[in-house]
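Novice: Residue numbers for the sequence shown follow the numbering used here, beginning at 728 and rising by one.
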Amino acid sequence: MKGIVFVELIKMAEDVFGEDAVDNVLDKADLETGGAYTAVGNYPCSELVKIVVAFSEHSGLSPEALQVKFGHWMLAVFVKSYPEFFKDKTTAFALLESVDREIHVEVKKLYPDAELPRFDTERVGEDRMMMIYSSPRPLEAFCLGLIEACLVHFGEDADIHRAPHPSQANATTFDIALRA
């Protein structure tokens, strides 16, 4: 997993809990890297999960709630750092549809070794989209946070239901229905 994810998780934690608390939590988390990450490095997802669990224990928030919060944080990072991916999009659905077709294509150009999740989208109507998130990493809640933040970014509101994909391992189906 690319280091930018780890770097931003630490930044979010510092923003929420403070630097001293982050140092203490990382020291106790028994991390192979000792909690030192670079944005361009590659690290095991298991280490990210350890960090989330450690902050969950520190804060009392569930690991899922922290992942959702982190999804919101990361979308803000993407908007600021990669405005070109957002400039011609006018809806959350348009952005979500562009993840695999445009955004991940560009990411692969920069980081050929990146192991990216898949986002298969299908419009079920003008106000409804089905999105299948496929990844061996247990980050469905992070994905939910990204979707929620994307909707907020475009000033849209939706009901989002998720469930394990019925016939695809390591996949979650998100049913996103815009509210009027």
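All C-beta atoms, glycine included, are put in the ideal place defined by N, C-alpha and C.
What three-state label does DSSP hand residue 801 in the structure shown?
Specialist: Mapped onto the sequence shown, residue 801 falls at position 74. The answer is helix: DSSP assigns residue 801 an H, G or I state.
Novice: Could you check whether the region 787-801 touches the region 883-897, counting it as contact only if at least three pairs of C-beta atoms, one from each stretch, sit closer than 8 Å?
Specialist: no
Novice: Quick one: is residue 876 buried, meaning 16 or more other Cβ sit within 10 Å of its Cβ, or exposed?
Specialist: Position 149 of the sequence shown holds residue 876. Label assigned to residue 876: buried.
Novice: Bridge partners for residue 769 per DSSP, in chain order?
Specialist: Indexing the sequence shown from 1 puts residue 769 at position 42. Its beta-bridge partners are 729.
Novice: Residues in its own chain within less than 7 Å of residue 783 by CB, not counting five upstream and five downstream?
Specialist: Taking the first residue of the sequence shown as position 1, residue 783 is located at position 56. Closer than 7 Å at the Cβ level, and outside the excluded window around residue 783, lie 789, 790 and 793.
Novice: What did DSSP end up calling residue 892 once you bin it into helix, strand or coil?
Specialist: Taking the sequence shown and counting its residues from 1, the one referred to as residue 892 is at position 165. In this structure, residue 892 counts as coil in the three-state DSSP scheme.
Novice: Run through DSSP, which three-state label would residue 788 get?
Specialist: For this step, residue 788 is matched to residue 61 along the sequence shown. Three-state DSSP puts residue 788 in coil, outside helix and strand.
Novice: Does the distance from the CB of residue 857 to the CB of residue 820 come in under 7 Å?
Specialist: The count along the sequence shown starts at 1 and reaches residue 857 at position 130. The count along the sequence shown starts at 1 and reaches residue 820 at position 93. No, these two residues do not count as a Cβ contact at 7 Å.
Novice: Under 7 Å between the Cβ atoms of residue 798 and residue 846?
Specialist: Position 71 of the sequence shown, counted from the start, is the residue given in the question as residue 798. Position 119 of the sequence shown, counted from the start, is the residue given in the question as residue 846. No.
Novice: Between the Cα of residue 903 and those of 860, 832 and 751, spot the shortest distance and give me the residue it belongs to.
Specialist: Translated into positions along the sequence shown, residue 903 becomes position 176. Taking only the C-alpha atoms, the option nearest residue 903 is 860.
Novice: Three or more C-beta pairs under 8 Å: does that hold for the region 889-898 against the region 833-842?
Specialist: No: fewer than three Cβ pairs fall under 8 Å.
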